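Enquirer:
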Amino acid sequence: MMLAESLATAVQVIASASSFYMVSSPYASIKEIHVTKSTGHVSVIPLLSMLLSSSMWLLYSILLRNFFPLIFTNVVSITCVVGYLVVYYHHATTKGHLHRYFAVEGVWILSVYLYAACFSSPMATRLENVGIIAITCSAIMVVSPLSAIVEVLRTRSVAHLPRKLIVATWISSGAWCLTGIIRDDAFITYPNAVNIALGSLQLALFFTFPTTSTAVAHLPQKIMHDDRVGLLSTSPATSTGGADTSLDAYVHATHDVK
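Counting from 1 along the sequence shown, just add 5 to a position and that's the residue number in the working numbering.
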């Protein structure tokens, strides 16, 4: 019994730690934005997606009354993302579109939280509905890696894939899937099981295609290193100066289903 409890605790610690690694992935790009005092062509959408997903999972965690690893992990994630957004907003040259994004997302998050707090429906019903909403908000990130897989098949090279981030995502999804099994929570188990399958497919590509190949000789000279970690990483189509601009690594940050 003690061994089982220790194993369950270890799995949840690994799940939480891996989530912290994932949420730290935009740090390099945000730091560069701060240094250069320009957002360049870096998109704010990945950060907003992270905030939306973490906010929904935080609400689910609160309704579930699970402090660790769920509430703790999502509070840390939200804190980090809000910090990233503050830096991004401060250095953005045009803020009108950011105001619209923030307003729409803020209204949505507030509406869901008010539903959970004010509606008189049974707690089980609210928990289920919030869980469905959380999964839906994460669905875009869950299917995003498919675009990267198509690119690998087209170029027959995995040179642009962030290997370390993919491995971390796979481990994180596995840990969260086990956490869901331990807690008998389908909302945690099944989305992460999908992530494991997608991660396994991406990892299999490293055994099938080389990291560099003459097959990509026709691509622009500036390519992303295969070990690059970050939600906002350098795009093949962008110049070498300024902030990182691609969402290549963002499409692998799908572990956010907690």
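Just so it is clear, CB atoms sit at the ideal spot from N, CA and C, and this is done for glycine as well. It should be emphasised that the depicted structure is a prediction, and the values quoted were computed from it without experimental measurement.
Is it true that the CB of Ala121 sits closer than 7 Å to the CB of Val135?
Expert: yes
Enquirer: At 4 residues or longer, what runs of the alpha helix (DSSP H) sit wholly inside the segment 105 to 148?
Expert: 128 to 148
Enquirer: Could you have a look at Thr264 and say whether DSSP puts it in helix, strand or coil?
Expert: In the structure as shown, the chain begins at 6 and stops at 263. Residue 264 is therefore absent and cannot be evaluated.
Enquirer: With distance defined between alpha-carbon atoms, name the residue in His104, Met128, His95 and Leu57 nearest to Leu115.
Expert: Leu57
Enquirer: Would you identify the three-state DSSP class for Gly101, choosing helix, strand or coil?
Expert: Of the three classes helix, strand and coil, the one that applies to Gly101 here is helix, per DSSP.
Enquirer: Relative to the C-alpha of Tyr195, which candidate in Arg168, Ala139, Ile83 and Ile171 has its C-alpha closest?
Expert: Ala139
Enquirer: Keeping to the same chain, check which residues put their C-beta closer than 7 Å to that of Ile137; ignore five residues upstream and five downstream.
Expert: Excluding positions up to five away in sequence, the list is empty.
Enquirer: Nearest to Ala20 by alpha carbon, out of Gly185, Ala108 and Glu156?
Expert: Gly185
Enquirer: Count the other CB atoms within 10 Å of the CB of Leu8; is the residue buried (16 or more) or exposed (fewer)?
Expert: exposed
Enquirer: Would DSSP call Lys227 helix, strand or coil?
Expert: For Lys227, the predicted model reports a pLDDT of 43, less than 50, meaning its position is unreliable; a value from the coordinates is still stated below. Residue state, collapsed to three classes: coil.
Enquirer: From Tyr106 to Ser143, what distance separates their C-alpha atoms?
Expert: Tyr106 and Ser143: Cα-Cα distance of roughly 17 Å.
Enquirer: In three-state DSSP terms, what is Thr184?
Expert: helix
Enquirer: Quick one: grab the DSSP three-state call for Glu10.
Expert: Glu10 falls in the helix class under three-state DSSP.
Enquirer: Assign Leu63 to one of two classes, buried (16 or more other C-beta atoms within 10 Å of its C-beta) or exposed (fewer than that).
Expert: buried
Enquirer: Is Ile193 closer than 7 Å to Gly179 when the C-beta atoms are compared?
Expert: Taking 7 Å as the Cβ cut-off, Gly179 and Ile193 do not qualify as a contacting pair.
Enquirer: Is the beta carbon of Asn197 less than 7 Å from the beta carbon of Trp175?
Expert: no
Enquirer: So, under 8 Å CB-CB, Val86 and Met128 are touching, yes? Tell me the CB distance rounded to an integer number of Å.
Expert: Actually they are not in contact, since the Cβ atoms of Val86 and Met128 sit about 28 Å apart, beyond 8 Å.
Enquirer: I'd like to check one pair, Tyr93 with Thr41: are the Cβ atoms closer than 7 Å?
Expert: no
Enquirer: May I ask you to verify whether the segment 19 to 37 touches the segment 67 to 87, counting CB pairs closer than 8 Å and requiring at least 3?
Expert: yes
Enquirer: Within 10 Å of its beta-carbon, does Ile171 have 16 or more other beta-carbons around it, so buried, or fewer, so exposed?
Expert: By the neighbour-count rule (16 or more Cβ atoms within 10 Å), Ile171 is buried.
Enquirer: Can you list, in chain order, the residues of its chain with a C-beta nearer than 6 Å to that of Val18? Leave out the 5 residues immediately preceding and following it.
Expert: none
Enquirer: So Val163 and Leu210 are in contact, right, with Cβ under 8 Å, and what is the actual spacing, rounded?
Expert: Indeed they touch by this definition, with Cβ atoms about 5 Å apart.
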